[in-house]
Amino acid sequence: MTIQSAFAGVTAAIRHLYDAREAANIGHLLMEHITGLGKLDRIVHKDGDLTPAQENLYQQALADLLAHKPIQHITGKSWFYGLELQVSDQVLIPRPETEELVEWILKDHPSQPAWRLLDIGTGSGCIPIALKKHWPAADVWAMDVSPGAVSLATRNASAQHTPIRFVTQDVLSADASQVLPSLNIVISNPPYIPEQERAEMQPLVTEFEPSLALFVPDKDPLLFYRRIAQLAQEKLEPGGKLYFEIHESFGKAVIDLLEKEKFREVALRQDMFGKDRMIKAVKK
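With the UniProt record's numbering, letter number 102 in the sequence shown gets 102, and the count goes up by one each step, no holes.
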């Protein structure tokens with residue numbers, strides 16, 4: 001099997017699962033993972049044969065893709081804000097919408113402040129690592145309830161040379177804030193998908209990404225926003241900022257919650273797809 005025929009084979013095989021552009025992107029990621037060659041080198045060597053070991057990897061990966069396994073879990077890595085990060089089934093795969101949240105935060109503070117900030121529900125560590133890269137003087141903290149997520153995020157931070165203070169803690173617990181210092185910024189992309197929406201979601205999400213990081217009870221979808229807002233009121237300095245990624249249907253509800261919790265200057269922002277996706281609020 002040549003490099004070119006392998007690429008053509010995988011893109012054709014998964015075409016019923018993805019549109020043509022995404023199938024091609026997945027094919028390129030897979031072939032780079034298997035061969036170690038970039039796109040241009042694969043074009044030059046397109047008629048070269050895969051080794052037996054590479055062909056075995058290819059066949060296993062193709063079976064995984066057809067079983068809806070995300071390409072990021074096959075390669076073990078994902079890109080976020082220009083950074084290559086390890087991912088696994090212990091964490092959410094970083095999304096472009098979350099990159100937009102990071103972009104908003106960085107544009108709000110172009111002077112690279114030496115502040116203390118906290119990311120709650122850090123997963124792969126993508127948010128705090130990206131911010132630490134741009135604000136090297138910042139004292140960056142990150143919290144997650146999952147030991148597996150904290151372990152992976154710690155490895156990512158080490159690989160990116162971004163010292164971050166990781167805390168394994170459930171933000172819903174009454175003592176979650178005890179180990180934290182006073183803060184200037186709190187950020188969170190918490191679980192926000194109601195359980196009733198699970199059946200409508202793609203298998204590559206529901207079967208391979210951690211439910212703990214995705215779903216909330218139908219009867220209390222703002223559970224994490226409420227608790228994090230309370231923690232932020234406790235720990236933020238006056239004028240400190242709270243940034244959330246949100247469910248597109250809960251923009252007004254989260255605004256109302258934050259105003260009830262005595263935040264000011266609450267602002268809602270849409271993502272690249274025109275969906276309500278991010279909120280910023282300021283502590284009085």
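Every residue, glycine too, gets a C-beta built ideally from N, C-alpha and C.
Continuous beta strand (DSSP E) stretch holding residue i: start and end
i           : result
residue 177 : Unbroken run through residue 177: none, as it is neither H nor E.
residue 207 : It is not in any beta strand (DSSP E) - residue 207 carries neither H nor E in the DSSP assignment.
residue 171 : First-last for residue 171: undefined, no H or E at that position.
residue 84  : 83-86
residue 266 : 263-270
Backbone CA spacing between residue i and residue j [nearest angstrom]
i           : j           : result
residue 340 : residue 169 : Here the chain comprises residues numbered 1 to 284, so residue 340 is not present and cannot be evaluated.
residue 259 : residue 266 : 7 Å
residue 86  : residue 78  : 6 Å
residue 107 : residue 215 : 30 Å
residue 167 : residue 141 : 8 Å
residue 239 : residue 109 : 13 Å
residue 249 : residue 98  : 17 Å
residue 137 : residue 157 : 15 Å
residue 58  : residue 81  : 28 Å
residue 119 : residue 32  : 32 Å
residue 221 : residue 38  : 43 Å
residue 255 : residue 53  : 54 Å
residue 35  : residue 73  : 17 Å
residue 160 : residue 84  : 8 Å
residue 150 : residue 88  : 12 Å
residue 164 : residue 128 : 8 Å
residue 25  : residue 180 : 41 Å
residue 65  : residue 199 : 20 Å
residue 262 : residue 283 : 7 Å
As assigned by DSSP and simplified to three states, the class of residue i
i           : result
residue 108 : helix
residue 192 : coil
residue 277 : strand
residue 238 : strand
residue 49  : strand
residue 164 : coil
residue 222 : coil
residue 214 : coil
residue 231 : helix
residue 78  : strand
Integer-rounded CB distance, given that residue j should sit under 8 Å from residue i
i           : j           : result
residue 30  : residue 44  : Their Cβ separation, rounded to whole angstroms, is 18 Å, which puts residue 30 and residue 44 out of contact at 8 Å.
residue 184 : residue 116 : 6 Å
residue 245 : residue 269 : Between residue 269 and residue 245 the Cβ distance is about 10 Å, and since that is not below 8 Å, they are no contact.
Run of the alpha helix (DSSP H) containing residue i, from where it starts to where it stops
i           : result
residue 138 : Run containing residue 138: none; DSSP gives neither H nor E here.
residue 151 : 147-159
residue 116 : Premise fails: residue 116 lies in the beta strand (DSSP E), 116-120, not in any alpha helix (DSSP H).
residue 89  : Segment: none, residue 89 is in no alpha helix (DSSP H) and carries neither H nor E.
Just to confirm the assignment: which complete alpha helix (DSSP H) runs, minimum length 4, are found wholly within the region 14-76? 20-35, 39-44, 52-66, 71-75
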